[in-house]
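Structure first, commentary second.
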Amino acid sequence: MKRNSPRSPRTSNLAANELRHISLNGTDVAYTLMRCRRKTIGMRISSDGLTVRIPLRESLRWVESVLKKKADWIVQKLDEWKNRESAKLMWHEGAIFSLLGEPWQVTVTAAGAVQMVPANLNSEFEDKQLTLPLPSALTAQQIESAVMEWYRHRAMTCFSERIALYANKLGVELPQIRLSRARTLWGSCNSRGIVHLNWRLIQKPLDLVDYVVVHELSHLIEMNHSKAFWRTVGSVYPEYAAARKKLRGVG
10 MKRNSPRSPR
20 TSNLAANELR
30 HISLNGTDVA
40 YTLMRCRRKT
50 IGMRISSDGL
60 TVRIPLRESL
70 RWVESVLKKK
80 ADWIVQKLDE
90 WKNRESAKLM
100 WHEGAIFSLL
110 GEPWQVTVTA
120 AGAVQMVPAN
130 LNSEFEDKQL
140 TLPLPSALTA
150 QQIESAVMEW
160 YRHRAMTCFS
170 ERIALYANKL
180 GVELPQIRLS
190 RARTLWGSCN
200 SRGIVHLNWR
210 LIQKPLDLVD
220 YVVVHELSHL
230 IEMNHSKAFW
240 RTVGSVYPEY
250 AAARKKLRGV
260 G
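Our numbering numbers the first residue of the sequence shown as 10 and each following residue consecutively.
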């Protein structure tokens, strides 16, 4: 019996995953604990949350001590996933979309027109609506097409105005503007002087739009991230450090 005893805990531990909780930086974090045949701890953060894989016989005290040492990283990555999930666009009536930091809602009239209506009644956009005529019995694809056209129109209008404003302040020629669908970059500027701005930037508050615009325009002067580059940025956007940090924080 003693010879076979090691097999029992191995089978039990491999079959049962534990859902546990721990306080990290004042945040209650749920995580799935998995015991498996490995020599070190492994952590994975995904849309399902935090999963921790540990050697079969490690103690919970040791696990929690490791998690607390990694608290900053864990909380940051969980927030990034939360922001990523909230940024997913839902194509149905009543869905909320952000424009320059303000919430707008999709409504469909009896005549089959999509209206983007300010969801916040105290918004400065309260009296402004953009009606997109569409046939009745709308599909998700039709709503997506209408909302994306609305975003593209508002993005190009806003970005063009802000680029003209800051190009004048920096003393550079107006560049070509193109909308980007990049997954990780808010903006870029190539050696031909073409500025790409992520269409999702129009969802952010105007101060963050301005930071990205100034950042990319400054590359027309300094095609690098040297001290001279940041001095150029700061010459027309002194609060760039705070904006940069805020933009990274909101995703």
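Just so you know, even glycine gets a beta-carbon here, dropped at the ideal spot from N, CA and C.
Around residue 72, the same chain offers 42, 50, 61, 63 as residues with beta carbons nearer than 8 Å, after the five sequence neighbours per side are excluded. Bounds of the beta strand (DSSP E) holding residue 36 are 36-45.
If you look at residue 244, you'll find it isn't in any beta strand (DSSP E); it sits in the alpha helix (DSSP H) that goes 236-245. Nearest neighbour of residue 59 by Cα position, chosen from 67, 68, 66, 33, turns out to be 33.
Residue range 203-207 is occupied by the beta strand (DSSP E) that includes residue 207. DSSP places residue 124 outside any alpha helix (DSSP H); the residue lies instead in the beta strand (DSSP E), whose first and last residues are 122-127. If you look at residue 99, you'll find it isn't in any alpha helix (DSSP H); DSSP assigns it neither H nor E. Put simply, the stretch 66-86 does not touch the stretch 96-106. Fewer than three CB pairs are less than 8 Å apart. Contact between residue 219 and residue 171 holds, since their C-beta atoms are separated by about 6 Å, short of 8 Å.
Looking only at 81, 245, 240, the smallest Cα-Cα distance to residue 179 is reached by 245.
Considering only 195, 148, 182, the residue with the shortest C-alpha distance to residue 164 is 195. Counting along the chain, no beta strand (DSSP E) covers residue 159; the unbroken alpha helix (DSSP H) around it starts and ends at 149-179. Per DSSP, residue 28 is not a residue of any alpha helix (DSSP H); the beta strand (DSSP E) it occupies stretches across 27-33.
Contact between residue 188 and residue 208 holds: CB atoms are separated by about 5 Å, below the 8 Å threshold. Annotation: the continuous alpha helix (DSSP H) that includes residue 69 extends over 69-78. Judged by DSSP secondary structure, residue 55 falls within the beta strand (DSSP E) whose first and last residues are 51-55. CA-CA distance, residue 100 to residue 152, rounds to 6 Å. Secondary structure at residue 189: strand, using DSSP grouped into helix, strand and coil.
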